[in-house]
Ligand code: RFL
Ligand code: PHB
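Residue numbers (the working numbering): 221 to 614.
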């Protein structure tokens, strides 16, 4: 099998890249180890930056997003049992859209397959060869049969646990782990507030978000080694009631729990994001803790840059854009890394009972709630900083 770009991973990064390349007349094959049903039902991100929504529209995959996505013009920060609303639209002229990552993935898969795109699910033993030569190869096994893709470039869109990052010899890795994790539930109950609530409580962080007018998404700060079995639904609801409660009459509505999981928190950046004919996008190169809602948005920003650089290569023989990919991507990567770290440290409770850290976090929150400049800084990062260029070379 011969293609121009071999993409490993059918998460939002790999699928969107395939779609943006197709819009520029560039062929790709996407190889995914999991089956389609698994990929389409993995509950993850929910908050899309203004620019992510724009990109999905330009990619021609936003019909359902525009119909079903929930546009939020503000967000709430709750601490000291009081709520402070940041008017994102007033502060930045922009908002965010709440629409599940798995819905974005479903829309992208449907668009690729309808257009005759090649997305292979259940591709096992994916192995990359010859990235230093002019014709890299990717071998894999599907339905028990060995197969091979020959391509000009390989893109590692295979997430944090993928195989591609390990092929960038001599890379530098920056890492920070946090002494907590998030326990997340999806519940069949209407959201208790039309907007997202980030709450800092003496018992720890809690987050109220949503997926639709009937489905609420909620998270609790827990220990990093927390056992999910120790959190039956009743305990989760009781703790959410305590941490999300305020003195202003907020009531949290409860309902059947549809999904429950624990996510560790980590900041991680690998650089460079390229070696020879291999490029990394999204979580394969960097991850952020979910507190800033940046992970998928950052994956989309990488993909825009790489789609543009590959477009420049094929349309105009430009080598400089591909050579400059790491440098171009890393500015936004580090901004998001800092923002996510900042939101995380401001909203979580120190599990070691470090009173100094707790006071610093409280004064930061108070500053955001009382200063328009600080609120604007948060809102700019949250709704997404502008892109420096378009994703299409033409
Ligand atoms: P993904 O989504 O992990 O996709 C990688 C794909 O590669 C496949 N794969 C392989 N395929 C073939 N061969 C191999 N050897 C392979 N190894 C792996 C995997 O099966 C998978 O299908 O990475 P991608 O595309 O870079 O996308 C990144 C996002 O998924 C991630 O950043 C976000 O989910 C992070 N995130 C959030 N991001 C936001 O922008 N806004 C949010 O509100 C937000 N909330 C979250 C989040 C992540 C969370 N968790 C569970 C980590 C909330 C949570 C709880
Ligand atoms: C979500 O809706 O899943 C969500 C919202 C905000 C975050 C992280 C996750 O910061």
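Cβ atoms here follow ideal geometry from the backbone N, Cα and C, with glycine treated the same way.
Return the Cβ separation of residue 401 and residue 442 in integer angstroms, given the expectation that the two are a contact with Cβ distance under 8 Å.
Sure, about 6 Å apart at Cβ, within 8 Å.
Less than 8 Å between the beta carbons of residue 296 and residue 302, yes or no?
Not a contact, by the Cβ cut-off of 8 Å.
Residue 653 - partner residues in DSSP beta bridges
The question about residue 653 has no answer here: the residues shown for the chain are numbered 221 through 614.
Selection from 438, 490, 280, 310 that minimises the alpha carbon distance to residue 413:
438
Less than 8 Å between the beta carbons of residue 375 and residue 237, yes or no?
yes
Can you tell me which residues form a DSSP beta bridge with residue 338?
249
Less than 8 Å between the CB atoms is what I'm expecting for residue 581 and residue 566, so what's the real figure, rounded?
About 5 Å; that satisfies the 8 Å criterion.
Please determine whether the Cβ atom of residue 377 lies at a distance below 7 Å from any heavy atom of the ligand RFL.
yes
Quick check: what's the CA-CA separation for residue 487 versus residue 399?
For residue 487 and residue 399, the distance between alpha carbons rounds to 12 Å.
Taking 7 Å as the cut-off, is the C-beta of residue 427 nearer than that to any heavy atom in the ligand PHB?
yes
Who does residue 368 pair with in a DSSP beta bridge?
359
Helix, strand or coil at residue 539 [DSSP, three-state]
coil
For a test of your reading of the model: does the CB of residue 471 fall under 7 Å from any non-hydrogen atom of the ligand PHB? Yes or no.
no
At 3 residues or longer, and completely inside the segment 243-323: list those beta strand (DSSP E) runs for me, N to C.
248-251, 290-292, 294-299, 302-307, 316-318
Hey, how far is the Cα of residue 224 from the Cα of residue 343?
19 Å
I'd like to check one pair, residue 586 with residue 497: are the Cβ atoms closer than 8 Å?
no
How long is the line joining the alpha carbons of residue 578 and residue 338, rounded to whole angstroms?
51 Å
Report yes if the C-beta of residue 281 is less than 7 Å from at least one heavy atom of the ligand PHB; otherwise report no.
no
Determine the direct distance from the alpha carbon of residue 604 to that of residue 381, and round the result to whole angstroms.
26 Å
Hey, out of 263, 557, 346, whose CA is closest to residue 187's CA?
Any answer about residue 187 is impossible in this case: the structure gives the chain only from 221 up to 614.
By how many angstroms is the C-alpha of residue 489 removed from the C-alpha of residue 390?
14 Å
Which term fits residue 258, buried or exposed, when burial requires 16 or more other beta carbons within 10 angstroms of its beta carbon?
Exposed is the call here.
Alpha carbons only, please: which of 350, 405, 419 is nearest the one belonging to residue 436?
Nearest of 350, 405, 419 to residue 436, Cα basis: 405.
Given 7 Å as the limit, tell me if residue 588 has its C-beta closer than that to any heavy atom belonging to the ligand PHB.
Residue 588 Cβ: outside cutoff for every heavy atom of the ligand PHB.
Pull up the DSSP beta-bridge partners for residue 448, would you.
In the DSSP output, where bridge partners are listed per residue, residue 448 has none listed.
For residue 547, does the three-state DSSP call read helix, strand or coil?
helix
Assuming the contact rule is C-beta atoms closer than 8 Å, residue 272 and residue 517 should be a hit. Round their C-beta distance to whole Å, please.
5 Å
Three-way DSSP call (helix, strand, coil) for residue 607 in this model
coil
Looking only at C-alpha atoms, which of 284, 340, 314 sits nearest to residue 326?
Ranked by Cα distance from residue 326, the first of 284, 340, 314 is 284.
Three or more C-beta pairs under 8 Å: does that hold for the segment 421-433 against the segment 455-470?
yes
Secondary structure, beta strand (DSSP E): runs of 3+ residues fully inside the segment 511-539
none
The ligand PHB and residue 318: does any heavy atom of the ligand fall closer than 7 Å to the residue's C-beta?
yes
Taking 8 Å as the limit between beta carbons, can you name the residues of its chain near residue 280, skipping five residues before and five after?
239, 243, 331
Taking its Cβ as the centre, do 16 or more other Cβ atoms sit within 10 Å of residue 434, making it buried, or is it exposed?
It counts as exposed.
Between residue 416 and the ligand RFL, is the CB less than 7 Å from at least one heavy atom?
no
Identified DSSP bridge partners for residue 418
297, 427
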